[in-house]
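The structure appears right after this line, and notes come after that.
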Amino acid sequence: RVSDINAEYRTDIKLVRNDGSAFNAAIKLVLAKGVRNYFILAGKAAPDLRERLGAAGADLMLFCQTLGLNTWWVGGTFSRKGARRGAETDAHEAVSGVLVVGYGAVQGKPHRSKSPEEISSYSGPAPAWFARGVKAVLLAPTALNRQAFIIRGEGGRVSMRCENGAFSGIDLGIGRYYFEAGAGK
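Here the sequence shown stands for residues 669 to 853, numbered as in our numbering.
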């Protein structure tokens, strides 16, 4: 599946097994107890790389769930140097995060979500597919659970942007993936 995702999104995601080097000792004590398996979210530097990694990571997360595995997206609290070493990643590749995979201690918990009206608008009556897409976006994981999406629709066309700083590209890719899955691409 990773090979297919890498080909589709032009990324270089790698699976690292039995190696905790992407997390320093403090993070391992508090957030990442027992984490030894993760995907390195990487690719050749390009203006749209973060968005492509967001979509590719969303695809991979949902696939892992179908296998009964849990995932955790880590964008800031990991060691890029340790991740590169663990995956033997090319020094010219940009690493945007890691996606922890395994059997979680818990199955997660619902987070507070914005309303569709807070993140979207449609010029005229919104088609059902648009509403389904927005509903799916509100289920997507985002940096710090901010859901900083702005989705606009008009005449069967949709535009989306994300305003949350350092993780906006990743979140935009995740959001677009979820919108397309919910709306029916």
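Ideal placement from N, C-alpha and C gives every residue a C-beta, glycine not left out.
All figures in this text were calculated on a predicted structure; none of them were measured in a lab.
Original post:
Among residues of its own chain, excluding the 5 on either side of Ala-713, which ones have a beta-carbon nearer than 6 Å to its beta-carbon?
Top reply: Residue 713 sits at position 45 when you count from the first residue of the sequence shown. Cβ neighbours of Ala-713 beyond the five flanking positions: Ala-762.
Original post:
What separation, rounded to the nearest whole angstrom, lies between the Cα atoms of Ser-671 and Glu-848?
Top reply: For the purposes of this step, residue 671 is identified with residue 3 of the sequence shown, where counting begins at 1. For the purposes of this step, residue 848 is identified with residue 180 of the sequence shown, where counting begins at 1. Near 21 Å, if we compare the C-alpha coordinates of Glu-848 and Ser-671.
**OP:** Find out if the Cβ-Cβ distance for the pair Leu-730, Tyr-771 is shorter than 9 Å.
**Re:** Taking the sequence shown and counting its residues from 1, one reaches residue 730 at position 62. Taking the sequence shown and counting its residues from 1, one reaches residue 771 at position 103. Against a cut-off of 9 Å, the Cβ pair of Tyr-771 and Leu-730 comes out as no contact.
Original post:
The beta strand (DSSP E) with Leu-709 in it runs from where to where?
Top reply: One-based indexing of the sequence shown puts residue 709 at position 41. It spans 706-712 - the beta strand (DSSP E) in which Leu-709 sits, taken as one unbroken run.
Subject >> Beta carbon of Ala-726 nearer than 9 Å to that of Gly-841 >> reply: In the sequence shown, counting from the first residue as 1, residue 726 sits at position 58. In the sequence shown, counting from the first residue as 1, residue 841 sits at position 173. In contact: Ala-726 and Gly-841 (Cβ atoms closer than 9 Å).
Subject >> Extent of the continuous alpha helix (DSSP H) to which Arg-718 belongs >> reply: Here residue 718 refers to the residue found at position 50 when the sequence shown is read from its first residue. Its alpha helix (DSSP H) spans residues 717-734.
Subject >> Residue nearest to Gly-711 in terms of C-alpha spacing, selected from Arg-685, Ala-675, Met-828 >> reply: Taking the sequence shown and counting its residues from 1, the one referred to as residue 711 is at position 43. That would be Ala-675, whose Cα lies nearest to the Cα of Gly-711.
**OP:** Alpha carbon to alpha carbon, how far is Arg-718 from Phe-707? Give it in angstroms, no decimals.
**Re:** As a first step, residue 707 must be located in the sequence shown, where it is residue number 39. As a first step, residue 718 must be located in the sequence shown, where it is residue number 50. Straight-line Cα distance between these residues: approximately 15 Å.
Subject >> Status (buried if at least 16 other CB within 10 Å, exposed otherwise) for Asp-839 >> reply: Stepping through the sequence shown from its first residue, residue 839 is reached at position 171. Asp-839 comes out buried.
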